Amino acid sequence: MRVNQFVIMFSAIFLLTSNLYAKKSYPMEDGQTWGSFQIKKVVLKNLDVELSQELRYSDYSTKLNQSLTDIGLSYKLSNFFKVGLFYRYRNLILDEEIRDEVYANASFKYAWNDFTFTDRARLHIKFRDDDETINNFRNKLKIDYNTSTFVSPFIESEIFYRFIYENGDRVTQARYALGLAFEITDYLEIDTYFMREQEYNTKKAIHSNIIGIDFSVNLK
5 MRVNQFVIMF
15 SAIFLLTSNL
25 YAKKSYPMED
35 GQTWGSFQIK
45 KVVLKNLDVE
55 LSQELRYSDY
65 STKLNQSLTD
75 IGLSYKLSNF
85 FKVGLFYRYR
95 NLILDEEIRD
105 EVYANASFKY
115 AWNDFTFTDR
125 ARLHIKFRDD
135 DETINNFRNK
145 LKIDYNTSTF
155 VSPFIESEIF
165 YRFIYENGDR
175 VTQARYALGL
185 AFEITDYLEI
195 DTYFMREQEY
205 NTKKAIHSNI
215 IGIDFSVNLK
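In this text, residue positions in the sequence shown follow the numbering used here: the first is 5, and each later residue adds one.
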């Protein structure tokens, strides 16, 4: 009996220590939680200043992974076309790395019956210490269905394409999301969503299921 108990205890300890020191197997799955708060303020006709703060939790939402702080300007050229220029301060907390980033947006919007189609093209450059920059072209298509003045369901997809890059395939990432946009007041909107994030053409791909909530305040 004691021999059997010893064997069982030894096997349990062996399995636990093996799991602790086992190498990570890729691609990996993760569950994340993202949350952001954004303020928009009209400074001139058709010109807005925008400030946002976002937190991203990873490892199945148990660890604060990233903090993103954005500031920039957006200009509405027409009812269908808007451009913007932004600076992002990214704190990769788990990796103990800081990045300065800049990106420029061009957004096209078209309404048809109860649907609104928005296509946003973004040039995004990430600066890294002692390493080459990460240069992404990102295109996001979003479709809103305007069911009421209070809530609108939406779907969206975004593809990441790395340019000025010769080390492999350039499509590196994609995000697919569905959610609900709530217009609480003329000044406050809340978006909730579920997102699937896929990484491509990397040896250490991490695929994530993400639950997110965004608060947006528009000060006119």
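Backbone N, C-alpha and C fix where the C-beta goes; we use that ideal spot for every residue, glycine too.
The structure displayed is predicted, hence computed values, not measured ones.
- Ranking Gly216, Gln70 and Phe84 by CA distance to the CA of Asp123 puts Phe84 first.
- In the displayed model, Glu187 falls within a strand according to three-state DSSP.
- For Tyr107, the uninterrupted beta strand (DSSP E) segment begins and ends at Glu101 to Trp116.
- A straight line joining the alpha-carbon of Glu136 with that of Ser152 spans about 47 angstroms.
- As the crow flies, the alpha-carbon of Glu101 is around 31 angstroms from that of Ser111.
- Bounds of any beta strand (DSSP E) do not take in Tyr169, whose DSSP letter is neither H nor E.
- Considered as a whole, the region 34 to 110 harbours 51 to 62, 67 to 80 and 85 to 96 as its complete beta strand (DSSP E) runs of no fewer than 3 residues, in chain order.
- Only residues of its own chain outside the window of five on either side were considered, and among them Glu54, Gly88, Leu89, Phe90 and Tyr91 have a CB closer than 7 angstroms to the CB of Gly76, listed in chain order.
- Taking the CA atoms as reference points, Ser82 sits about 18 angstroms from Arg126.
- Buried is the label assigned to Ala181, since at least 16 other Cβ atoms lie within 10 Å of its Cβ.
- Residue burial annotation: Arg60 is buried, with at least 16 other C-beta atoms found within 10 angstroms of its C-beta.
- Take the alpha-carbon of Lys208 and the one of Ile159: they are about 28 angstroms apart.
- The shortest C-alpha to C-alpha distance from Asn50 to any of Phe186, Thr120, Tyr79 and Ile194 is the one to Tyr79.
- Contact check for Phe119 against Ile147 passes: the beta carbons are separated by less than 9 angstroms.
- For the pair Phe186 and Thr176, the CB atoms are not nearer than the 9 angstroms cut-off.
- Per DSSP, reduced to three states, the secondary structure at Lys208 is coil, with no helix or strand assignment.
- Per DSSP, Lys224 lies in no beta strand (DSSP E) and is assigned neither H nor E.
- CA-to-CA, the gap between Arg94 and Ile129 works out to about 12 angstroms.
- Looking at the DSSP output, Asn150 shares a beta bridge with no other residue.
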